[in-house]
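Peer 1: Please see the structure below; I have some questions.
Numbering (UniProt numbering), first residue to last: 1 to 454.
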């Protein structure tokens, strides 16, 4: 008989220190505090990928032309969405294609075969090429020129799933830009576009109210209801974007159609919010202080009063924030600390350059605030027991919830449509709800692309 202890000896517990995986904010290098080599991917999966963002264009069909190993992930991603499998197809690149060098022909004929087999053809197709085709110098212009000739009633977008290539734009930036490549110029209307946000901007926000009061129609990329509305973006006067990663998309539309690009970034700074709203209004020939506009001073007071009431409700419960819930986690931490909340940790691999002011203020006034990475390999091994050790944690963001081990968290991804003073009020409502009610964390954070509609 085989001794089980001999087969399965006790494995000593690996002791891992926090060195290199945790710093006080006063000691970090800004904007990249950590050396991220071998990466850990935490199972908090609510952030979006190119397979999800494409689904925001109604009546679009996505076709991935990739090797089998690359297709495994995207096909599972599509299948997780309610109607994702119906809007997804694939063409597998084989060793034979690589040896023959017929990548263009293979892609043309593969996509043609898929489209000819459809009972109802899509209005738009985004075809994705992967790293291997570009290593072998596929001519995608030849591919799409021929596809447009064969299917003149379908708009084609050249998509790229090329994370290993060192290009001008990161995969996220390039992906956002390509999403608008099928928009065609139309006669001008008094309208604006929101680009390229994955969540609809809150209709009660000061920005939306200001635009509507000024007679503007709004085409919100995160809330498109039809392909015709997607194409209507070509009639707008301006493109308002909230993320630096969306700037190339807005500038590309400006170059192709002469539309104005207006940067109205997400912010948690009460003074900066007012400045951004007024600057945005001025760029669109609106008077933000006009009689029909929202009273920005009153909106600011409402936000401040709501924070005071929230602080009275939740007291000194430790709060953790992550960079997946907002692109400005240091700004959010600063807002809360300035209003008396006990923020003790921020999870982020790196920071947006626009947060330098927030970093300097935090380093001076709250130097003990902990900065922790998300992808550092040690995060796989370090304890995730803050909620137990500290007697409870309120997390803002899925990754903060996972790493702290709390079941009190705000399920927010990429700002989740929150904007301006109204966004602060809504976040305070969500924080109070999270404080009062536990969540079943695992089935929430394991859903890819939270909020994506297939």
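Ideal placement from N, C-alpha and C gives every residue a C-beta, glycine not left out. Values in this document were obtained by computation on a predicted structure and should not be read as measured data.
Please return the same chain residues whose Cβ sits closer than 7 angstroms to the Cβ of residue 68, not counting the five positions on each side in sequence.
Peer 2: As a first step, residue 68 is located in the chain shown; it is residue number 68 there, counting from the start. Around residue 68: 92.
Peer 1: Could you compute how far the alpha carbon of residue 4 sits from the alpha carbon of residue 15?
Peer 2: As a first step, residue 4 must be located in the chain shown, where it is residue number 4. As a first step, residue 15 must be located in the chain shown, where it is residue number 15. For residue 4, the predicted model reports a pLDDT of 41, less than 50, meaning its position is unreliable; a value from the coordinates is still stated below. Going from the Cα of residue 4 to the Cα of residue 15 covers about 25 angstroms.
Peer 1: Within this structure, are the beta carbons of residue 425 and residue 302 separated by less than 9 angstroms?
Peer 2: In the chain shown, residue 425 corresponds to position 425, counting from 1. In the chain shown, residue 302 corresponds to position 302, counting from 1. Taking 9 angstroms as the Cβ cut-off, residue 425 and residue 302 qualify as a contacting pair.
Peer 1: Determine the burial state of residue 399: buried for a count of at least 16 other Cβ atoms within 10 Å of its Cβ, exposed for fewer.
Peer 2: Within the chain shown, numbered from 1, the residue matching residue 399 stands at position 399. Buried, by the Cβ-count rule.
Peer 1: Which residues in the same chain as residue 1 place their Cβ atom closer than 6 angstroms to its Cβ, once the five residues preceding and following it in sequence are excluded?
Peer 2: Position 1 of the chain shown holds residue 1. Confidence at residue 1 is low in this model, with a pLDDT of 40, below 50, so the placement of that residue is unreliable and no value is reported for it.
Peer 1: For chain C, is any of its Cβ atoms less than 9 angstroms away from the one on residue 127?
Peer 2: Protein chain content of the structure displayed is limited to a single chain, and chain C is not contained in it.
Peer 1: Beta strand (DSSP E) containing residue 519: first to last residue?
Peer 2: There is simply no residue 519 to check, as the chain begins at 1 and stops at 454 in what is shown.
Peer 1: Cβ atoms of residue 397 and residue 456: under 9 angstroms apart, would you say?
Peer 2: A query on residue 456 cannot be resolved here, the shown segment of the chain reaching from 1 to 454 and no further.
Peer 1: Using C-beta distances below 7 angstroms, list every residue in its chain close to residue 155, excluding the 5 sequence neighbours before and after it, in chain order.
Peer 2: Taking the first residue of the chain shown as 1, we reach residue 155 at position 155. Closer than 7 angstroms at Cβ, skipping near neighbours: 123, 124 and 182.
Peer 1: Give the range of the alpha helix (DSSP H) segment to which residue 53 is assigned.
Peer 2: Counting from one through the chain shown, the residue named residue 53 turns up at place 53. Per DSSP, residue 53 belongs to the alpha helix (DSSP H) from 50-53.
Peer 1: How many Å lie between residue 6 and residue 386 at the Cα?
Peer 2: Working through the chain shown from its first residue, we reach residue 6 at position 6. Working through the chain shown from its first residue, we reach residue 386 at position 386. Note that residue 6 scores a pLDDT of 47, beneath 50, so its modelled location is shaky; the value from the coordinates is reported in the next line. Residue 6 and residue 386: Cα-Cα distance of roughly 36 angstroms.
Peer 1: Could you spell out where the alpha helix (DSSP H) holding residue 426 opens and where it closes?
Peer 2: Looking up residue 426 in the chain shown gives position 426. Its alpha helix (DSSP H) spans residues 420-436.
Peer 1: Pick helix, strand or coil for residue 154, following the three-state DSSP scheme.
Peer 2: Position 154 of the chain shown, counted from the start, is the residue given in the question as residue 154. In this structure, residue 154 counts as coil in the three-state DSSP scheme.
Peer 1: Considering residue 131, what are the terminal residues of the alpha helix (DSSP H) in which it resides?
Peer 2: What you label residue 131 is simply residue 131 of the chain shown in a count that begins at 1. 131-135 is the span of the alpha helix (DSSP H), which, as asked, contains residue 131.
Peer 1: Taking residue 236 as the reference, give the member of 416, 163 and 186 with the closest Cα.
Peer 2: Position 236 of the chain shown holds residue 236. Taking only the C-alpha atoms, the option nearest residue 236 is 186.
Peer 1: Can you look up residue 128 in the DSSP assignment and give me helix, strand or coil?
Peer 2: Within the chain shown, numbered from 1, the residue matching residue 128 stands at position 128. DSSP places residue 128 in strand when its eight states are reduced to three.
Peer 1: For the beta strand (DSSP E) containing residue 65, name the first residue and the last one.
Peer 2: Within the chain shown, numbered from 1, the residue matching residue 65 stands at position 65. Element bounds for residue 65: 60-67.
Peer 1: Among 90, 106, 87 and 88, which one has its Cα closest to the Cα of residue 96?
Peer 2: Within the chain shown, the letter at position 96 stands for residue 96. Checking every option, the nearest Cα to that of residue 96 belongs to 106.
Peer 1: Which one or two residues does DSSP pair with residue 97 in a beta bridge?
Peer 2: Here residue 97 refers to the residue found at position 97 of the chain shown. Residue 97 is not bridged to any residue.
Peer 1: Residue 4 by DSSP, collapsed to three states: which one?
Peer 2: For this step, residue 4 is matched to residue 4 along the chain shown. A caution first: residue 4 carries a pLDDT of 41, below 50, which makes its placement in the model unreliable, though a value can still be read off. Three-state result, residue 4: helix.
Peer 1: Since residue 396 is in the beta strand (DSSP E), which residue starts that stretch and which ends it?
Peer 2: For the purposes of this step, residue 396 is identified with residue 396 of the chain shown, where counting begins at 1. First-last of the beta strand (DSSP E) with residue 396: 394-396.
Peer 1: Figure out for me which residue from 133, 88, 77 and 281 has the closest Cα to the Cα of residue 115.
Peer 2: Sequence index remark: in the chain shown, residue 115 carries index 115 (1-based). Closest option to residue 115, Cα to Cα, is 88.
Peer 1: With a CB to CB cut of under 7 angstroms and the five nearest residues on each side skipped, what residues in its chain are close to residue 444?
Peer 2: Translated into positions along the chain shown, residue 444 becomes position 444. Result list for residue 444: 411, in chain order.
Peer 1: Check whether the Cβ atoms of residue 285 and residue 276 sit closer than 9 angstroms, and answer yes or no.
Peer 2: Residue numbering aside, residue 285 sits at position 285 when the chain shown is read from its first letter. Residue numbering aside, residue 276 sits at position 276 when the chain shown is read from its first letter. Not closer than 9 angstroms, so no.
Peer 1: Suppose you measure from the CA of residue 70 to the CA of residue 79; what does that come to, to the nearest Å?
Peer 2: Here residue 70 corresponds to residue number 70 of the chain shown, with the count starting at 1. Here residue 79 corresponds to residue number 79 of the chain shown, with the count starting at 1. Whole-angstrom Cα-Cα distance: 15 angstroms.
Peer 1: So the candidates are 360, 190, 206 and 380; which of them puts its Cα closest to the Cα of residue 333?
Peer 2: Locating residue 333 in the chain shown gives position 333, where the first residue counts as 1. Out of 360, 190, 206 and 380, 360 has the C-alpha closest to the C-alpha of residue 333.
Peer 1: Among the candidates 112, 147 and 175, whose CA atom is the shortest distance from the CA of residue 130?
Peer 2: For this step, residue 130 is matched to residue 130 along the chain shown. Of the candidates 112, 147 and 175, the one whose C-alpha sits nearest the C-alpha of residue 130 is 175.
Peer 1: Entirely within the segment 292-337 and at least 3 residues each: give me those beta strand (DSSP E) ranges in chain order.
Peer 2: Whole beta strand (DSSP E) segments, 3+ residues: 319-322.
Peer 1: Find the nearest neighbour of residue 271 within the set 296, 281 and 19, judged by alpha-carbon distance.
Peer 2: Against the chain shown, residue 271 aligns to sequence position 271. Of the listed residues, the one whose Cα sits closest to residue 271 is 296.
Peer 1: Going straight from the alpha carbon of residue 98 to that of residue 84, what length do you get?
Peer 2: Translated into positions along the chain shown, residue 98 becomes position 98. Translated into positions along the chain shown, residue 84 becomes position 84. Going by the C-alpha atoms only, they are around 29 angstroms apart.
Peer 1: Output the boundary residues of the alpha helix (DSSP H) element that contains residue 253.
Peer 2: Locating residue 253 in the chain shown gives position 253, counting from the first residue. Unbroken alpha helix (DSSP H) run through residue 253: 247-257.
Peer 1: Which partner residues does residue 192 have in the DSSP bridge list?
Peer 2: For the purposes of this step, residue 192 is taken as the residue at position 192 of the chain shown. Bridge partners of residue 192: 218 and 238.
Peer 1: Relative to the C-alpha of residue 378, which residue among 27, 31, 41 and 26 is closest?
Peer 2: Taking the chain shown and counting its residues from 1, one reaches residue 378 at position 378. The candidate whose alpha carbon is nearest that of residue 378 is 41.
Peer 1: Please return the same chain residues whose Cβ sits closer than 7 angstroms to the Cβ of residue 210, not counting the five positions on each side in sequence.
Peer 2: Here residue 210 corresponds to residue number 210 of the chain shown, with the count starting at 1. So the list reads 277, 281, 286, 288, 293 and 294, once near-sequence residues are dropped.
Peer 1: Between residue 414 and residue 198, is the Cβ-Cβ spacing less than 9 angstroms?
Peer 2: Taking the first residue of the chain shown as position 1, residue 414 is located at position 414. Taking the first residue of the chain shown as position 1, residue 198 is located at position 198. Closer than 9 angstroms, so yes.
Peer 1: Take every Cβ of the segment 314-322, pair it with every Cβ of the segment 252-261, and state whether three or more of those distances are shorter than 8 angstroms.
Peer 2: No, the segment 314-322 is not in contact with the segment 252-261.
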